[in-house]
Amino acid sequence: MPLPAHSFTRLLHRFRRNRRGATAVEFAMVAPLFFGLLFAIIEVAMIFFASQVLETVTQDSARMIMTGQAQGASYTQQQFKDYVCGQVNPLFDCANGISVDVRSYPAATGFSSVNIAPPIDSNNAFIPAMKWCPGKDGDVVVVRLFYQWPLFVTKLGFNVANLANGKRLLTATATFKNEPSGTAGATCS
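Just so you know, we're using UniProt numbering here: the sequence shown kicks off at 1 and counts up by one.
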């Protein structure tokens, strides 16, 4: 049975005057933006933190090459990667995620011959062409670690990915001149 017109009008007036629940409605309108911004801030903070951790691990690991310890022990690329993974915290999936690139340049050419082009092709795909060449005494060496960081907030419209697979490539680099150590140097692969 339909309500009389005056009852319906009175119901509308009561509804308009009633402020209970207004805060919940306002929060429901603002909450998606608030939480999206909050998650984006957390994700960017995690990227910066992971990048700093990767940078620290690169500097610490590069010292092993710079002092000739890796060459003296005839380290392979996998052994050096295992050494790097021993220093990385659980923040990274080291076995599948970190790529190690070590290149050396003759001491005579100095730092001007160093080429550190990013390993990303024109389709924004990661190029896993990593080398292992720690060099000999006096050589200029570039140690680079790469990690494809997974992103989660990209589905909310905030996208900091620089790879086609929706991940962010984190890069850490150490460039130095090998110290005299008396080792013959390692073979390059």
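Yeah, the Cβ is synthetic: ideal placement off N, Cα and C, and Gly gets one too.
Fair warning: this is a prediction, and the values are worked out from it, not measured in the lab.
Q: Keeping to the same chain, check which residues put their C-beta closer than 7 Å to that of PRO119; ignore five residues upstream and five downstream.
A: By one-based count along the sequence shown, residue 119 stands at place 119. The answer, listed in chain order, is PHE126, ILE127, ALA129 and PHE146.
(Q) Can you give me the C-alpha to C-alpha distance between ARG63 and ASN165, rounded to a whole angstrom? (A) Position 63 of the sequence shown holds residue 63. Position 165 of the sequence shown holds residue 165. Between ARG63 and ASN165, the C-alpha separation is close to 33 Å.
(Q) Please report the straight-line C-alpha distance between PHE176 and THR67, rounded to a whole angstrom. (A) Numbered from 1 along the sequence shown, position 176 holds the residue referred to as residue 176. Numbered from 1 along the sequence shown, position 67 holds the residue referred to as residue 67. In a straight line, the C-alpha of PHE176 is about 11 Å away from that of THR67.
Q: Kindly give me the distance between the Cβ atoms of LYS131 and VAL153, rounded to whole angstroms, as I take these residues to be in contact under 8 Å.
A: Translated into positions along the sequence shown, residue 131 becomes position 131. Translated into positions along the sequence shown, residue 153 becomes position 153. No, LYS131 and VAL153 are not in contact; Cβ-Cβ is about 34 Å, not under 8 Å.
Q) From this set, ILE47, GLN148 and PHE158, which residue's C-alpha is nearest LEU169's C-alpha? A) Along the sequence shown, read from residue 1 onward, the residue named residue 169 stands at position 169. Looking at the Cα atoms, GLN148 is the closest of the given residues.
Q: Starting from ALA172, follow its DSSP beta bridges and name the residues at the other end.
A: Residue 172 sits at position 172 when you count from the first residue of the sequence shown. According to DSSP, ALA172 bridges with LEU145.
Q. In whole angstroms, what separates the C-alpha of VAL53 from that of ILE47?
A. Against the sequence shown, residue 53 aligns to sequence position 53. Against the sequence shown, residue 47 aligns to sequence position 47. Distance between the alpha carbons of VAL53 and ILE47 is about 10 Å.
Q.
I'd like to check one pair, ALA45 with PHE158: are the Cβ atoms closer than 7 Å?
A. As a first step, residue 158 must be located in the sequence shown, where it is residue number 158. As a first step, residue 45 must be located in the sequence shown, where it is residue number 45. No, Cβ-Cβ distance for PHE158 and ALA45 is not below 7 Å.
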